[in-house]
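Here is the structure we will look at, set down as structure tokens.
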Amino acid sequence: MWTTSRWRLPPPCSKIHILKIFNSFHPRLQFTMEEGVDNRLNYLDVTIIVNNGKLEFDWFHKSTFSGRYLNFESRHALCQKRGTIFCLTDRVFLLSHPRFHRKNFELVIKILLDNGYPLHYIFETINDRLKFLLARVRDKNSSASNIDNNKKEQVPISFFNIPYVPGISEQFSRAIRDLDTKNSYTGINKLNKFIKVHKDSLPKDLRTNVVYKISCNNCDASYVGQTRRFLKTRMKEHRNHINRNTTQRSVITDHRLLNHEFDWNSVEILDEEPILGKRLVSEMIHIKSQKNSINLQNDTERLDHIYFPMIENMLNI
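The sequence shown begins at 3 in the numbering used here and counts up by one.
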């Protein structure tokens, strides 16, 4: 029972009043409320329907739903196209009430036909999937089956992933048929090689967790370092160090006092790594890879000698 008058809800308590209370805690913590229309409310991928005091569910699509799925003529393994049909069948079977199944399966068939799937293949695959789903429901409802399933140890399935080349990659299934593993495929030709769908890349100065290299304008000397902060913040520290009244040594400042200046506009990012330990190893490898490094000797003293032959090969290429 709330005793403070601030939290006491005056009767009757409206939904709008409750929403105002929630939004009064902090200006940056604001809630919204959506009310159902005609006893229907859309939430995620389902429409929640109140029918005679009971809840029913239907498969919901946004107005922007395009119906685009993996095309049957695309250069993908047949098992991946079969998986597309499985996925759509599962959505109809698991997300909607049986009285909506006919409508939703007609939509699934239309979607698959629009994406180039043969009608006979659609019916055959949907039928196979429904048999599996119905058998799973029967097993779940059988108490004896539940006892048996609890006794069985669940062995995780391992997959052998290979690039997909039509007519060739399928042959690997024969090679691993005696092993407790399954084939999985990765597409080689992808549109994102030509059409960039990622977010705009960050400007170099705003990158973090980087290994960087600064080159001298007057000679072939260079310096390699690492930072978890914005690159521009670390560069500003390097540039301003010469003006500080400090006893801390800086090899960059020492080099600049020889009337040399660094190319601050062409700082290279050699690597990006969010984990500090890996980033330090990357930094040491790149320090060793420089032709004329001004880094201190102790900057690489923790680098294991096992890396040295690899670095020498890199320098000789």
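Yeah, the Cβ is synthetic: ideal placement off N, Cα and C, and Gly gets one too.
Small disclaimer: the values here were computed from a predicted structure and weren't measured.
Bounding residues of the beta strand (DSSP E) (the contiguous stretch that carries residue i)
i, result
"Tyr-187", "183-188"
"Gln-228", "224-229"
"Phe-106", "It is Asn, not Phe, that sits at residue 106 in the sequence shown. Segment 103-116 is the alpha helix (DSSP H) holding Asn-106; no beta strand (DSSP E) there."
"Arg-322", "Nothing about residue 322 can be read from this structure; the chain reaches only from 3 to 319."
"Leu-43", "42-45"
"Phe-59", "56-61"
Coarse secondary structure for residue i, derived from DSSP in three states
i, result
"Cys-89", "helix"
"Gln-299", "helix"
"Pro-120", "coil"
"Asn-211", "coil"
"Asp-1", "The chain is shown only over 3 to 319; residue 1 falls outside these bounds and no answer can be derived."
"Pro-1", "The chain is shown from 3 up to 319; residue 1 falls before or after that span and cannot be answered."
"Ile-216", "strand"
"Asn-315", "helix"
"Phe-95", "helix"
"Leu-135", "helix"
"Phe-264", "strand"
"Leu-31", "strand"
"Trp-4", "Confidence at Trp-4 is low in this model, with a pLDDT of 45, below 50, so the placement of that residue is unreliable and no value is reported for it."
"Ser-147", "Summary for Ser-147: the model assigns pLDDT 49, below 50, so the residue's position carries little reliability; its value from the coordinates is reported in the next sentence. Helix."
Residue i and residue j closer than 8 Å at C-beta
i, j, result
"Val-226", "Glu-274", "no"
"Ala-223", "Asn-294", "yes"
"Arg-131", "Thr-91", "yes"
"Pro-168", "Arg-77", "yes"
"Met-286", "Thr-302", "yes"
"His-99", "Glu-58", "yes"
"Leu-272", "Tyr-214", "yes"
"Phe-95", "Leu-135", "yes"
"Trp-61", "Leu-97", "yes"
"Val-52", "Asn-44", "no"
"Phe-174", "Gly-118", "no"
"Phe-264", "Ile-254", "yes"
"Ile-289", "Asn-297", "yes"
"Leu-21", "Met-35", "yes"
"Cys-218", "His-257", "yes"
"Gln-228", "Arg-281", "yes"
When the options are compared against residue i, the one with the closest alpha-carbon
i, options, result
"Val-283", "Gly-169, Leu-305, Phe-74", "Leu-305"
"Leu-233", "Arg-251, His-262, Val-269", "Val-269"
"Ile-128", "Asn-143, Asn-106, Ser-144", "Asn-106"
"Glu-172", "Met-237, Tyr-187, Gly-118", "Tyr-187"
"Arg-70", "Ile-178, Ile-190, Lys-83, Asp-301", "Lys-83"
"Asn-220", "Ile-178, Leu-259, Arg-281", "Leu-259"
"Lys-133", "Phe-24, Glu-58, Phe-310, Phe-88", "Phe-88"
"Arg-241", "Arg-231, Pro-120, Gly-38, Ile-216", "Ile-216"
"Arg-230", "Cys-218, Leu-208, Ile-244", "Leu-208"
"Ile-190", "Leu-181, Asn-297, Thr-210, Asn-163", "Asn-163"
"Ser-68", "Val-110, Val-48, Asn-41, Met-35", "Val-110"
"Asn-315", "Ser-291, Asn-297, Arg-93", "Ser-291"
"Tyr-123", "Phe-174, Leu-80, Arg-138, Lys-184", "Leu-80"
"Thr-183", "Arg-281, Ser-65, Pro-158", "Pro-158"
"Val-39", "Thr-49, Asn-25, Phe-33", "Thr-49"
"Ser-126", "Arg-138, Gly-85, Ile-18", "Here the sequence assigns Glu to residue 126, which means Ser is not the residue at that position. When only C-alpha atoms are compared, the closest one is Gly-85."
Endpoints, alpha helix (DSSP H) assigned at residue i
i, result
"Leu-259", "Unbroken run through Leu-259: none, as it is neither H nor E."
"Asn-242", "233-242"
"Glu-285", "278-290"
"Arg-176", "174-177"
"Asn-25", "17-25"
Residues that residue i bridges to, as DSSP identifies them
i, result
"Thr-49", "Asn-44, Asp-60"
"Ile-271", "Tyr-214"
"Ser-160", "Thr-183"
"Val-253", "BP columns for Val-253 are empty, so no partner."
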